Ligand code: CP3
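Residue numbers (our numbering): 7 to 349.
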């Protein structure tokens with residue numbers, strides 16, 4: 007007899023469930039005191055990402071507290087550039103810092119063959135989680151989508167206007183395309199290793215898709231994501247993939263039709279009735295509570311949770327936030343959300 011699939015996987019296969027599964031982006035993180043303690047023990051943020059014992063521990067912390075339906079591997083989207091040989095540093099209050107890559111010579115110095123050695127502890131973390139997670143919890147692996155990872159690689163840090171990466175992408179699409187192609191290959195390999203170690207679904211984070219004009223969105227977001235999905239499916243035909251092209255408005259519709267993903271994660275600006283009518287017939291939707299409402303809590307948060315459940319719960323749906331949990335979120339507000347969603 008076939009065993010019943012986990013709720014999150016069933017939702018990603020297109021089932022409408024009486025109780026939609028839930029998890030939260032950045033569910034492991036600084037809002038949890040136990041995360042801050044483990045992070046202290048690890049040393050730096052990167053030491054934590056590359057320590058399988060401690061990375062598995064912080065992945066499990068929110069599951070123990072709140073009983074989410076999915077655990078997302080604790081790692082970071084910038085481990086791929088770090089693995090390719092573009093050393094990464096996280097500074098308190100500044101976010102990630104990298105030595106920028108802005109031309110063919112810097113690009114040529116990156117080395118795909120070295121990546122797996124450097125990021126091997128991440129695969130080990132996945133293996134431990136696959137062995138330790140409760141039976142009903144789905145293990146989600148992830149990577150950044152090529153455009154978003156490239157923004158950090160070219161700018162060398164978080165950026166508001168993305169002037170330098172656009173300079174390259176719009177001014178020399180062929181040269182920039184080589185960086186994107188390298189990231190497509192690296193991402194397929196990185197996610198394949200996660201799947202082989204036990205990840206049951208994967209999410210591609212394209213946080214800065216919002217910066218791109220229509221044709222650039224097609225070329226630098228949809229096309230590379232579609233290539234990644236196609237190559238992964240050649241190896242793992244059943245692998246569920248979630249895409250998150252954050253902040254693209256009506257562009258979500260082209261993404262849902264062309265990227266080949268099973269699910270799209272919606273940021274909090276996407277209108278719910280529109281998503282139900284325009285997206286849910288093609289893909290499972292995930293989202294989209296404003297993380298600020300999780301900071302505020304109370305009636306404002308609860309009313310919005312009910313509205314989202316009511317409108318998106320009529321079709322294939324995974325409850326989540328519209329972006330990651332912010333550090334000042336009171337843990338008890340996450341508890342109330344979990345109570346409402348577990349039913
Ligand atoms: O719980 C989870 O969601 C899994 C772990 C995870 C992290 N980062 C841990 C993290 C995931 C999925 C990410 C994705 C990620 N990382 C994205 C895409 C999603 C998004 O949030 O837009 C991006 C753009 C990054 C790059 C990144 N990592 C930045 C810009 C920063 C600094 C900002 C910040 O919040 O400090 C990070 C650091 C980071 N990644 C932290 C965590 C828990 C905070 C590090 C700390 O403990 O100090």
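Glycine residues also receive a C-beta, built at the ideal position from the N, C-alpha and C atoms. None of the values given here were measured: they were computed from a predicted structure.
Residue from the options whose Cα sits closest to the Cα of residue i
i, options, result
"residue 254", "263, 245, 272, 246", "272"
"residue 190", "149, 173, 41", "149"
"residue 122", "334, 275, 197, 256", "197"
"residue 108", "205, 178, 160", "160"
"residue 315", "184, 23, 11", "23"
"residue 91", "113, 73, 146", "113"
"residue 63", "45, 258, 291, 299", "45"
"residue 275", "295, 264, 283, 34", "295"
"residue 199", "311, 131, 65", "131"
"residue 209", "248, 178, 156, 185", "248"
"residue 102", "65, 162, 220, 37", "162"
"residue 69", "58, 222, 141", "141"
"residue 137", "256, 206, 326, 36", "206"
"residue 327", "82, 270, 177", "270"
Proximity test, residue i beta-carbon vs the ligand CP3 heavy atom, cut-off 7 Å
i, result
"residue 96", "yes"
"residue 15", "no"
"residue 342", "no"
"residue 317", "no"
"residue 81", "yes"
"residue 327", "no"
"residue 4", "Because the chain is modelled from 7 through 349, residue 4 falls outside the range shown and cannot be assessed."
"residue 84", "yes"
"residue 314", "no"
"residue 148", "yes"
"residue 217", "no"
"residue 137", "no"
"residue 27", "no"
"residue 78", "yes"
"residue 275", "no"
"residue 193", "no"
"residue 182", "no"
"residue 102", "yes"
"residue 144", "no"
"residue 348", "no"
"residue 213", "yes"
"residue 1", "Given that the chain is displayed from residue 7 to residue 349, the structure contains no residue 1 and the question cannot be resolved."
"residue 298", "no"
"residue 31", "yes"
"residue 225", "no"
"residue 166", "no"
"residue 36", "yes"
"residue 45", "yes"
"residue 330", "yes"
"residue 323", "no"
"residue 335", "no"
Alpha carbon of residue i to alpha carbon of residue j, nearest angstrom
i, j, result
"residue 139", "residue 117", "34 Å"
"residue 143", "residue 194", "24 Å"
"residue 86", "residue 236", "20 Å"
"residue 8", "residue 318", "Residue placement at residue 8 is flagged as unreliable, the pLDDT there being 49, under the threshold of 50; the coordinate-derived value follows with that caveat. Rounded to the nearest angstrom, the two C-alpha atoms are 29 Å apart."
"residue 151", "residue 252", "11 Å"
"residue 228", "residue 239", "16 Å"
"residue 111", "residue 225", "23 Å"
"residue 234", "residue 261", "14 Å"
"residue 243", "residue 204", "15 Å"
"residue 266", "residue 232", "6 Å"
"residue 344", "residue 119", "42 Å"
"residue 32", "residue 79", "10 Å"
"residue 93", "residue 128", "17 Å"
"residue 279", "residue 219", "25 Å"
"residue 311", "residue 178", "44 Å"
"residue 250", "residue 173", "24 Å"
One or two residues paired with residue i in a DSSP bridge
i, result
"residue 294", "326"
"residue 80", "In the DSSP output, where bridge partners are listed per residue, residue 80 has none listed."
"residue 144", "76"
"residue 96", "102"
"residue 251", "212"
"residue 269", "248, 290"
"residue 32", "Per DSSP, none; premise fails for residue 32."
"residue 48", "Looking at the DSSP assignment, residue 48 forms no beta bridge with any residue, so it has no partner."
"residue 207", "146"
"residue 163", "103"
CB contact below 8 Å: residue i versus chain C
i, result
"residue 126", "No chain C appears in this structure, which consists of one protein chain only."
Decide if the segment 13–32 is in contact with the segment 50–57; the criterion is three or more beta carbon pairs, one per stretch, under 8 Å apart.
Not touching, per the Cβ criterion.
Any chance the segment 320–327 sits against the segment 7–22, with 3 or more Cβ pairs inside 8 Å?
Output reads yes: the segment 7–22 touches the segment 320–327.
Any contact of the segment 91–100 with the segment 168–184, i.e. 3+ C-beta pairs under 8 Å?
No: fewer than three Cβ pairs fall under 8 Å.
Under 8 Å: do the segment 172–190 and the segment 285–294 share three or more Cβ pairs, one atom per stretch?
Flag = no, the segment 172–190 and the segment 285–294 do not touch.
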